[in-house]
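**Q** Residue numbers (our numbering), protein chains in the order written: chain A, 1 to 242; chain B, 1001 to 1173.
We put the beta carbon where it would ideally sit given N, CA and C, even for glycine.
Mind having a look at this structure? Questions to follow.
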């Protein structure tokens, strides 16, 4: 079962820019670049703070905005040779064109969604299949706002941090230590199963070291290892001082 | 005449996909194109007058019965799961393909200002978009277009039924 998680964020850098233009009630043909660039960068910071994955495209548009801003600050190049070419166009023109185009398609997308849709508003015979009776329960979407999701994400990150700490722990285990620990245990109990040797902290590293320690102790003839049957518990005995 | 109306009714009822006029003519060869269209018009009127739960519609180059849109809340209860909605990103990508087809991915990327690789793949998997060829430029990039399924899902007779983008621009200004 999969859940679709929808975030009410922007569909891309152009979407964010259009939102800012609308929010500030700005004429799209006369965008105050300094104001919009500042607000755009503030939004990027906010999205970063929320740990939202910032796609590279957002940064590309930020660079474009800064580039336009710098070009607006420069004095217009002087007309050479008595104005052969009118190359002194508004540096914002290309961006405005892109915004208008995007806006048209964004509106077209909304219009598509407003149509009568198959399997949402109208149905034909056969498809999609009818729900089997046991699955007909109401499946409600999970509702969570963006902050709940960010919290959940940060909880997961916190758990990842703990996993990192465990890796640092590995340094402490050495084969010699493990051999001594096992001998100490066996001195008290005379015999133990391999599982009992693992005590409470079962990590992959500990299992490997325990296994190596047992092999080493067998080689040194300090312990004997028995198994009653295949897959039965492995019993480890200390070799008594005879 | 009445019998032929009933035959057409049965043909459309039995068809999985919108039934084309050409296919109907193969089965009822005594009619020309205009004749079939006349029958379809009468048949649609009959269903309309009956006031039943479904009607005859011309969609995606063919004819098919669809349930009445105002009855959707009840039909949805019968069908499995929630209706599959397209995300805003998918709809935007689909809109660019629909209006600009045949179109290469780079052009869709440029219009939307983001990489559309993921959404485009999703639309291909849903059979709303298909590869229609390759552009004759270096690298021969794939050209994309919409499918018959797209027309059916969005209940369009054909692509000319899409509102033109310039109309949209007029609304804004």
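Given a cut-off of 8 Å on the beta-carbon distance, is the pair residue 33/A and residue 68/A in contact?
**A** It is a contact, given that the beta carbons lie within the stated cut-off.
**Q** For the beta strand (DSSP E) that residue 1056/B lies in, which residues bound it at each end?
**A** 1054-1059 is the span of the beta strand (DSSP E), which, as asked, contains residue 1056/B.
**Q** Would you say residue 1163/B reaches chain A, if we count a Cβ-Cβ gap shorter than 8 Å as a contact?
**A** It does; some Cβ of chain A falls within 8 Å.
**Q** Applying the criterion that 16 or more other CB atoms from any shown protein chain within 10 Å of the CB defines a buried residue, is residue 1018/B buried or exposed?
**A** So residue 1018/B ends up on the buried side.
**Q** Please report whether the beta-carbon of residue 122/A lies at a distance below 8 Å from any beta-carbon of chain B.
**A** Closer than 8 Å: yes.
**Q** Using the three-state DSSP reduction, which class does residue 1079/B fall into: helix, strand or coil?
**A** Residue state, collapsed to three classes: strand.
**Q** DSSP on residue 116/A, reduced to helix/strand/coil?
**A** Of the three classes helix, strand and coil, the one that applies to residue 116/A here is coil, per DSSP.
**Q** Under 8 Å between the Cβ atoms of residue 1012/B and residue 1064/B?
**A** The answer is yes: Cβ separation under 8 Å.
**Q** Taking its Cβ as the centre, do 16 or more other Cβ atoms sit within 10 Å of residue 1024/B, making it buried, or is it exposed?
**A** Its Cβ being crowded by 16 or more others within 10 Å, residue 1024/B is buried.
**Q** Which ranges would you report for the alpha helix (DSSP H) in the stretch 1004-1046 of chain B if only whole runs of at least 4 residues count?
**A** You should have 1021-1027.
**Q** DSSP state of residue 1130/B, grouped into three classes?
**A** Residue 1130/B: strand per DSSP, three-state reduction.
**Q** Which class does residue 26/A belong to by DSSP, given the choice of helix, strand or coil?
**A** Residue 26/A falls in the coil class under three-state DSSP.
**Q** Quick check on the DSSP output: the beta strand (DSSP E) that includes residue 1067/B runs from which residue to which?
**A** Where residue 1067/B is concerned, the enclosing beta strand (DSSP E) stretches over 1062-1067.
**Q** Output yes or no for whether 8 Å exceeds the beta carbon distance between residue 102/A and residue 16/A.
**A** The answer is no: Cβ separation not under 8 Å.
**Q** Quick check: the Cα distance between residue 1035/B and residue 1059/B, rounded to an integer number of angstroms?
**A** Going by the C-alpha atoms only, they are around 19 Å apart.
**Q** How is residue 183/A classed by DSSP in three states: helix, strand or coil?
**A** Three-state DSSP puts residue 183/A in a helix.
**Q** Could you check whether the Cβ of residue 111/A sits closer than 8 Å to any Cβ belonging to chain B?
**A** Closer than 8 Å to some Cβ of chain B, the Cβ of residue 111/A qualifies, so yes.
**Q** Going along the chain, which residues of its own chain have a beta-carbon closer than 7 Å to the beta-carbon of residue 1048/B, five neighbours each way excluded?
**A** Once the five neighbours on either side are set aside, the close Cβ partners of residue 1048/B are 1055.
**Q** Taking 8 Å as the threshold, find out whether the stretch 1117-1132 of chain B comes into contact with the stretch 96-115 of chain A through three or more Cβ pairs.
**A** No, the stretch 1117-1132 of chain B does not touch the stretch 96-115 of chain A.
**Q** Name the residues in the stretch 182-216 of chain A whose C-beta lies less than 8 Å from a C-beta of chain B; which are they?
**A** Within the stretch 182-216 of chain A, no residue qualifies.
**Q** Could you name the residues of the same chain whose beta carbon sits closer than 8 Å to that of residue 221/A, not counting the 5 residues immediately before and after it, in chain order?
**A** Taken in chain order, the residues that qualify are 239.
**Q** Give me the residue from 122/A, 177/A and 181/A with the minimum Cα distance to residue 1155/B.
**A** Out of 122/A, 177/A and 181/A, 122/A has the C-alpha closest to the C-alpha of residue 1155/B.
**Q** Alpha carbon to alpha carbon, what distance is there between residue 208/A and residue 9/A?
**A** Their backbone Cα atoms lie some 47 Å apart in a straight line.
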